[in-house]
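Q: Take a look at the following structure, please.
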Amino acid sequence: MVASSSLSPRSVLTCAARHVVRSAWLQFPIGSPTSLVNNLDVAQRLAASVGSAHGIASLIRSPDRETLLGANITEDWATDPHKTRLLADAIESFIFLYAPASVAALGRSWPLGPTISHSKTLSVPAGRGTTPNWDTVYSLSRAELSLGPYELRAPPLKGRFYSLVIYDGYQNVVVSLGTPQYVTDGIRLLLVGLSSPRENVAAFRAWEDSAGPITQSDAPRTGIVEVATDLAILLVRVQLRNQSATPDPEEIALIQEFQAGISFAPYRSSLDPSVDYTAKFPTFPGNHPAVQSATVDPAAYYGWGASVIAQYPAPASTLNQPIATKLKRLGLLSPTFNFSALDEHTQTALAWAIPIGNRLIDVGFLAAAEYKWSTGWLVNAHTWGVFGSNYYDSAVAVKGYIIPNTGVDAVYIVNLVDDKGHPLNGSAYRYSWTIPNGTLPYDAARSGWWSFIVYDQYGVLVENELKRYAVGDRTQGLVAAEDGTLTFYLQAAPPTDETERANWVPIPSDAFLVTLRLFNPLPQFLEGRFALEPLVNLGEAPPVPEPSPSPSEPEASPVDSPSEPGSSPEESPSEPGTSPGESPSEPETSPKDSPSEPETSPEDSPAEPEASPEPSPEPEPEPSPARRHRRLQRRRALM
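Per numbering that gives the first Met the number 0, residue 0 is the first one in the sequence shown, and the count goes up by one each step.
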């Protein structure tokens with residue numbers, strides 16, 4: 000049986016009120032025996048129900064709802080049709096709000112243009128970005144288009160991968176330009192929001208008309224871009240070619256030259272220095288990791304979410320009538336939403352919706368993929384980037400890889416299990432992963448590349464003595480077979496065999512997941528015609544001489560944010576899928592435009608607490624990690 004919350008409806012509220020932000024960083028559903036990755040049969044049942052018309056209500060009414068939903072929902076909520084419907088609506092509303100609430104919290108933590116935050120090097124574990132890559136450096140900013148249209152300029156960049164992406168407030172890609180689109184000769188765009196003053200749009204159009212059609216290869220890409228919300232997020236990724244802990248200074252200098260040529264500023268106007276834009280566009284305490292916590296205070300979460308969709312109304316393509324009706328019923332479409340003014344049943348339903356909604360989003364991360372290979376790999380090739388009314392997939396994506404690329408630019412492929420179907424765990428086993436002939440389906444002619452990365456249960460890079468946080472097509476010193484086949488060895492302790500050590504991918508002595516990124520993927524992968532090899536369980540893990548420092552404990556950086564950008568603890572806010580760089584200089588971020596995030600204390604860690612054993616005067620010898628893992632598997636089989 001899956002452990003659950005035994006809170007009563009009233010205690011759900013009182014407990015939540017004590018935890019405005021208990022967790023500093025989100026936790027993937029892999030970190031404890033009760034996590035869904037260790038209960039995949041439950042995850043599959045949940046996934047099947049979430050996709051049906053009345054699935055959530057049926058889960059609430061189910062006799063084993065506690066096992067499925069991880070919450071002790073009392074009998075009256077399961078049998079009273081009014082309460083069941085109220086709770087189901089609350090859960091769906093929580094999931095709908097998850098993406099815009101997270102994206103706004105992230106975006107508001109990034110500087111307001113014309114300030115742009117540029118990372119100067121690759122990510123490191125201490126940067127704390129969620130599922131960061133270790134291949135690109137980032138430039139990030141945001142526009143509040145209610146202040147007026149913004150002009151975006153970028154200089155030419157040839158011979159290396161880069162992507163420049165604009166997202167709206169609901170994580171939809173508005174425009175993506177760069178190497179994948181053969182745009183290497185510069186960019187000049189005008190971004191116009193839903194309520195942008197239009198006086199200057201005609202001026203830009205007149206300039207564009209006077210410039211004439213693009214008839215030469217060295218002309219910049221120009222255009223007027225209509226953004227469906229008044230929040231526009233800018234994220235620029237630039238590949239760093241040498242994948243090592245000490246990037247080549249010449250490489251860094253070339254990227255910094257490109258970064259210096261990027262501008263993102265109000266068009267034909269400027270920000271009023273007398274206005275406090277931090278007050279006008281406030282941040283959420285703790286930024287997006289706090290919004291995503293399963294213990295976030297209900298009043299804080301729903302108050303923030305309601306204010307976000309009031310300030311950045313959802314496009315018609317995102318907010319369809321069924322979910323709009325549910326949001327309205329709960330008062331969440333009101334710009335004056337007040338959680339404390341709701342009746343007790345509605346407050347209780349909304350409070351319960353947070354842990355249950357998080358669990359259902361976790362299900363999507365584990366089970367809802369466009370392709371799921373028998374080897375365990377989960378692939379989303381076409382479904383990310385433009386979510387439309389599919390708010391569930393948007394919530395799943397925002398948890399694991401907030402504001403990711405589209406499949407045209409890159410594909411993120413995730414695995415959480417070995418070839419036996421067991422959850423990955425570095426305390427118990429060692430593993431191997433093979434690329435036959437050393438070939439993966441990406442377009443090298445268009446500066447494509449691949450990268451394989453291990454993350455701990457918090458989506459953080461794994462600290463190790465080699466400072467090797469990823470392997471890929473640019474990793475030096477790998478040893479291949481005669482036919483080019485590459486086999487990597489995943490274990491917590493350094494291998495003793497010379498070849499295995501050359502191809503060592505360090506993993507934590509705990510639960511972990513792996514992600515393969517393909518940039519500029521080829522059609523056979525996007526269409527599901529290329530299957531990856533499984534992670535092969537090689538048996539019991541050797542002992543680790545000295546435990547590596549946990550990357551999950553370091554103090555949060557002043558501007559920790561998303562998952563992908565590369566910034567260091569002292570640098571710019573990290574991006575979705577990207578963590579901070581090594582120890583760069585201060586980013587170009589003005590204190591006014593990018594308020595720092597409050598520090599997080601150790602007790603704020605999102606780790607799931609384990610029960611302490613009873614003290615024993617003569618403890619028995621501790622079994623090996625693998626034996627403990629096997630015992631755990633046997634116990635689960637009896638549940």
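Where is the CB? At the ideal position from N, CA and C, for every residue including glycine.
Name the residue from G447, N241, V102 whose alpha carbon lies nearest to the alpha carbon of L253.
A: The residue with the shortest Cα to Cα distance from L253 is N241.
Q: Considering Cα atoms alone, identify which of R429, G285, A540, N171 is closest to H381.
A: For H381, the nearest C-alpha among the options comes from N171.
Q: Roughly how many whole angstroms lie between the Cα atoms of S116 and R500?
A: Using only the alpha carbons, I get a separation of about 37 Å.
Q: Can you give me the Cβ contacts of A98 inside the same chain, cut-off strictly under 7 Å, excluding the 5 residues immediately before and after it?
A: Excluding positions up to five away in sequence, the list reads Y169, Q170, Y390, S393, A394, V397.
Q: Between Q456 and I55, how many whole angstroms is the CB-CB distance? I'm expecting something under 8 Å.
A: In fact, because the Cβ distance is near 26 Å, the residues do not count as touching under 8 Å.
Q: So W372 and P403 are in contact, right, with Cβ under 8 Å, and what is the actual spacing, rounded?
A: Not really, about 20 Å apart at Cβ, beyond 8 Å.
Q: Terminal residues of the continuous alpha helix (DSSP H) containing N286?
A: Element bounds for N286: 286-290.
Q: With DSSP as the reference, label L477 as helix, strand or coil.
A: Looking at L477 - three-state DSSP - the assignment turns out to be coil, as it is neither helix nor strand.
Q: Could you check the C-alpha separation between W503 and A368 for me, to the nearest Å?
A: The alpha-carbon atoms of W503 and A368 are separated by roughly 29 Å.
Q: Please classify G112 as buried or exposed, where buried requires at least 16 other C-beta atoms within 10 Å of its C-beta.
A: Flag for G112 reads buried.
Q: So, with DSSP's three-state summary, where would you put R64?
A: Residue state, collapsed to three classes: helix.
Q: Span of the alpha helix (DSSP H) holding L332?
A: From DSSP, L332 is part of no alpha helix (DSSP H); its letter is neither H nor E.
Q: Who are S140's beta bridge partners in DSSP?
A: DSSP lists L233 as partners of S140.
Q: Taking only the alpha-carbon atoms, compute the straight-line gap between G192 and P507 and give it to the nearest angstrom.
A: G192 and P507: Cα-Cα distance of roughly 44 Å.
Q: Is Y454 closer than 7 Å to V130 when the C-beta atoms are compared?
A: Val is not the amino acid found at residue 130; the sequence shown has Thr there. It is a contact, given that the beta carbons lie within the stated cut-off.
Q: Using the Cα positions of Q291 and A104, report the straight-line distance between them to the nearest angstrom.
A: So the two alpha carbons sit approximately 10 Å from each other.
Q: Please name the residue or residues paired with H117 in a DSSP beta bridge.
A: According to DSSP, which records beta bridges pairwise, H117 is partnered with S138.
Q: So what's I29 in DSSP terms, helix, strand or just coil?
A: Reduced to three states, the DSSP call for I29 is coil.
Q: Candidates G222, I261, S140: which alpha carbon is nearest A231's?
A: Nearest option by C-alpha distance: S140.
Q: If we call anything under 7 Å between Cβ atoms a contact, is Q238 one with T135?
A: In contact: Q238 and T135 (Cβ atoms closer than 7 Å).
Q: State the start and end residues of the unbroken beta strand (DSSP E) segment that holds S431.
A: Unbroken beta strand (DSSP E) run through S431: 428-434.
Q: Between the stretch 296-311 and the stretch 68-83, do at least 3 Cβ pairs fall closer than 8 Å?
A: No, the stretch 296-311 is not in contact with the stretch 68-83.
Q: Taking the DSSP output, what are the residues bridged to G222?
A: Note: G222 sits in a beta bridge opposite L188.
Q: Please name the residue in D482, I452, A244 whose C-alpha comes closest to that of G471.
A: Nearest option by C-alpha distance: I452.
Q: Leaving out five residues before and five after G363 in sequence, what residues of the same chain have Cβ atoms less than 6 Å from its Cβ?
A: Answer for G363: V395, listed in chain order.
Q: Tell me the DSSP secondary structure of T514 in three-state form.
A: In the structure shown, T514 sits in a strand (DSSP, three-state: E or B).
Q: In the DSSP assignment, find the unbroken beta strand (DSSP E) run with L163 in it and report its ends.
A: Residues 161-166.
Q: Who are the near neighbours of E497 in its chain, counting only those whose CB is closer than 7 Å to its CB and skipping five residues on each side?
A: Excluding positions up to five away in sequence, the list is empty.
Q: Determine whether the beta carbon atoms of Y441 and P520 lie at a separation below 7 Å.
A: Yes, Cβ-Cβ distance for Y441 and P520 is below 7 Å.
Q: Classify W109 as buried or exposed, calling it buried when 16 or more other Cβ atoms lie within 10 Å of its own Cβ.
A: W109 should be labelled buried.
Q: DSSP state of K157, grouped into three classes?
A: DSSP places K157 in coil when its eight states are reduced to three.
Q: Are the stretch 260-267 and the stretch 148-155 touching by the rule of at least three beta carbon pairs closer than 8 Å?
A: Touching, yes, given that three or more Cβ pairs across the two stretches are closer than 8 Å.
Q: On the DSSP bridge assignment, give the partners of R152 in chain order.
A: In DSSP, R152 forms a bridge with R187, S262.
Q: How many Å lie between P84 and K327 at the Cα?
A: First, the amino acid is wrong: residue 84 is Arg here, not Pro. Between R84 and K327, the C-alpha separation is close to 14 Å.
Q: Assuming S162 and S175 make a contact with CB atoms under 8 Å, what is their CB distance in whole Å?
A: Rounded, the Cβ-Cβ distance is 6 Å, consistent with contact.
Q: From the DSSP output, in three-state form, read off Q523 for me.
A: Q523 falls in the helix class under three-state DSSP.
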